[in-house]
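As structure tokens, the structure follows; a few thoughts come after it.
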Amino acid sequence: MMLSRAFHRTVLLGALLLPATASAQALTSLTSVYVTYITRKATANPTGELKARLDSVDRDLLGAYQFGRAGEIRRLFAKGLTLLAGKPWSDAADFNASLLLRSDRTVIDSRRPYAVRIEQLYAPAIDLPSALLAHATLVSRAAGAGAAPHVVKDFGMRKGVSRDLRESPFLLDLDLRDVADGRYAVVVDLADSTRSLGTATLPVVLRNGIDDLVSRLDSEAAQAPTALRAEILYPGDRMRQVNRGQLELRTLDVDRDFANADAVVAAVHAGRDPFAGRTGDIKRHYALPAADEIMPYHLLVPSSYSATKAAPLIIALHGLGGTEDSFFDAYGKQLPALAEQRGYIVAAPLGYRVDGGYGWGLGTPPTDVTARRLAELSEDDVMHVLAEVRKNYNVDPKRIYLMGHSMGAIGTWKIVPKNPALWAALGAFSGQGVPATVERMRDVPEYVVHGDADPTVNVAGSRTMVAAMKAAGVDVKYVEVPGGNHGNVVEPNLAGMFDFFDAHRKP
């Protein structure tokens, strides 16, 4: 028990402090890897030898986090996840987990020269008596479940690959000029003279002439009305952030985002505002000055909306690893559907990054400068989106609500205590908070949902908060779902949240 408590406290803090990535391949954040690991471990409930081996992994993780050894941390998480999958942690598995591909960009103009580097995150234990071989291919990233990728181009075999790719990364020049636009992955298989050793994969998007398109949009934005410039600049700005490794490739939809920007340009040329009077599902963007970036947010404006009548507004915060699209694409798409039925505007921010965490609430700011900036900008993004929506739409100031799932629920319990007078009510699904902050929220009604079998955020997180709310006299409705896990409790209880919001508004 003592190891478990120390592990969770130290590892989670360390995951928030260490940088998520260092190059154009935006590695999954250590916080997300940590959550995956603890969830699978809680689900498996290991015993016997497996438990002993995982306890050893946890002890090693504590030491690695203490000294900030990010590569070793990723190795240990890979080891733990391999063991939880019922597979042996062999020298080959160790070598394979160390591999990665990096490049200066993952959104590629196929007319230009392109190169990737085979690197290693850490030094594996495997003995390699001779230089390695690398076989590179470009494969399709097939759309749809069950669709198998296929080789689009074979770049052949390269010899003389270093056995130590940390010291001597291997550069591969790839000719992509004859490849059609689309979503692909660069795949490099490594071997020696007798055996296959491992595979590294880098997802990429190819778009012929995309650099010229970005330049054109930059020029168009300079001539556009100030209120629309961010809408035009967004895809080029996001592409730059993805290529720098600040965001994962999945956060940019090249076809949709560039098409949306071009549609705004066409509207400007026609002398009209493309968002005036528009309802339904809308993507919007604005400039976040402190980040020097263009940030996205996802809107649902109900068909019943009229600028002459104030509408209720829900700010929806996604969970760890999610994006501004999560509440529109997941949970059976119930949030936008219910908002349309009930006449609510919904606005979902990114929170600056997929693992931003929405600030630090009333607690002590992180001492690490990088972690503090991430948390600060995450909260800033939420509050800027709220301000943008209130500027652009007739929002009822007595009916502004905040809700979230997982990291988003935790975020609601950070943000509301800092601005309690702003919110009419909040909805928290599968979260945890700091009971000492409840007194600051005593006048904010709360709708709280948690599954008692949640392997990711223990149900005690909500139980403790709800107990503090009841002691403080907070108007709280708590739904604890027997057998409910981390995610399946959201969709069935969203209608109940709307009922609760319908019944609560500021005096």
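If you're matching positions, the sequence shown starts at -17 in our numbering and goes up one per residue. Heads up, the beta-carbon is just placed ideally off N, CA and C, and yes, glycines get one too.
Checklist entry - Does DSSP put threonine 446 in a helix, in a strand, or in coil? => result helix
Next on the checklist: Going by C-alpha to C-alpha distance, which of His267, Ile382, Asp193, Arg324 sits closest to lysine 488?
Outcome noted: Ile382
Item to check | Limits of the alpha helix (DSSP H) - the one that threonine 208 falls within | outcome: 208 to 225
Checklist entry - Do serine 463 and glycine 433 have their CB atoms nearer than 8 Å? => result With the sequence shown as reference, residue 463 is identified as valine, and serine is not the correct amino acid for it. A contact, by the Cβ cut-off of 8 Å.
Next on the checklist: Please return the same chain residues whose Cβ sits closer than 7 Å to the Cβ of serine 286, not counting the five positions on each side in sequence.
Outcome noted: Gly325
Item to check | glutamate 149 burial status per 10 Å Cβ neighbour count (16 or more: buried) | outcome: exposed
Item to check | Continuous alpha helix (DSSP H) stretch holding methionine 423: start and end | outcome: Per DSSP, methionine 423 belongs to no alpha helix (DSSP H) and is neither H nor E.
Item to check | Local conformation of arginine 56 per DSSP, three classes | outcome: helix
Checklist entry - When you compare only the Cα positions, how much space is there between aspartate 76 and glycine 53? => result 12 Å
Checklist entry - Is alanine 6 buried or exposed, if buried means 16 or more other CB atoms sit within 10 Å of its CB? => result Note that alanine 6 scores a pLDDT of 39, beneath 50, so its modelled location is shaky; the value from the coordinates is reported in the next line. Buried: at least 16 other Cβ atoms inside 10 Å.
Item to check | Inter-residue CB distance, valine 169 and valine 121 (contact presumed, cutoff 8 Å) | outcome: 6 Å
Item to check | Exposed unless 16 or more other CB atoms sit within 10 angstroms - verdict on alanine 4 | outcome: For alanine 4, the predicted structure reports a pLDDT of 33, less than 50, and the residue's modelled location is therefore unreliable. A value from the coordinates is still provided. Answer is exposed; the Cβ neighbour count stays below 16.
Next on the checklist: Three Cβ pairs or more, each shorter than 8 Å: is that satisfied between the stretch 404 to 414 and the stretch 474 to 489?
Outcome noted: yes
Item to check | Between the CA atoms of methionine 423 and glutamine 490 - distance to the nearest angstrom | outcome: Absent from the model: residue 490. The displayed extent of the chain is -17 to 489, so no value can be given.
Item to check | Any alpha helix (DSSP H) of 4 or more consecutive residues that is wholly inside the stretch 269 to 354 | outcome: 308 to 311, 316 to 324
Item to check | Residue from Val283, Ala357, Lys265 with nearest C-alpha to glycine 259 | outcome: Val283
Item to check | Continuous alpha helix (DSSP H) assignments of at least 4 residues falling wholly in the stretch 380 to 408 | outcome: 389 to 397
Checklist entry - Can the beta-carbon of arginine 165 be found less than 8 Å from the beta-carbon of valine 187? => result yes
Next on the checklist: For isoleucine 276 and asparagine 376, what's the separation of their Cα atoms in angstroms?
Outcome noted: 24 Å
Checklist entry - Three-state secondary structure (DSSP) at valine 463? => result strand
Next on the checklist: Using 8 Å as the threshold, is the C-beta distance between aspartate 86 and glycine 191 below it?
Outcome noted: no
Checklist entry - Excluding five sequence neighbours on each side, which residues of the same chain lie with their C-beta closer than 7 Å to the C-beta of valine 236? => result Val89, Val187, Arg189
Next on the checklist: Using CA atoms only, rank isn't needed, just tell me which of Ile264, Arg93, Gln102, Ala74 is closest to aspartate 194.
Outcome noted: Arg93
Item to check | Local conformation of lysine 61 per DSSP, three classes | outcome: helix
Item to check | Alpha-carbon to alpha-carbon, leucine 356 and proline 207 | outcome: 30 Å
Checklist entry - DSSP state of leucine 110, grouped into three classes? => result coil
Checklist entry - Exposed or buried, which one is serine 11 when buried takes at least 16 other CB atoms within 10 Å? => result buried
Next on the checklist: Could you check whether leucine 36 and leucine 65 sit closer than 8 Å to each other, using their CB atoms as the reference points?
Outcome noted: yes
Checklist entry - CB glutamate 213 to CB histidine 132, shorter than 8 Å? => result no
Checklist entry - From what residue to what residue does the beta strand (DSSP E) around valine 17 run? => result No beta strand (DSSP E) contains valine 17, which is instead part of the alpha helix (DSSP H) from 12 to 26.
Checklist entry - Should glutamate 31 be labelled buried (16 or more other beta-carbon atoms within 10 Å of its own) or exposed? => result exposed
Checklist entry - Between threonine 119 and the rest of its own chain, which residues show a CB-CB distance below 6 Å, the 5 nearest in sequence each way excluded? => result Val133, Asp136, Val169
Item to check | Bounding residues of the alpha helix (DSSP H) (the contiguous stretch that carries glutamine 205) | outcome: 192 to 205
Checklist entry - Taking glycine 333 as the reference, which of Leu320, Asp350, Leu302, Leu344 has the closest Cα? => result Leu302
Item to check | Beta-carbon gap between threonine 183 and leucine 114 smaller than 8 Å | outcome: no
Checklist entry - Secondary structure at leucine 36, three-state DSSP: helix, strand or coil? => result helix
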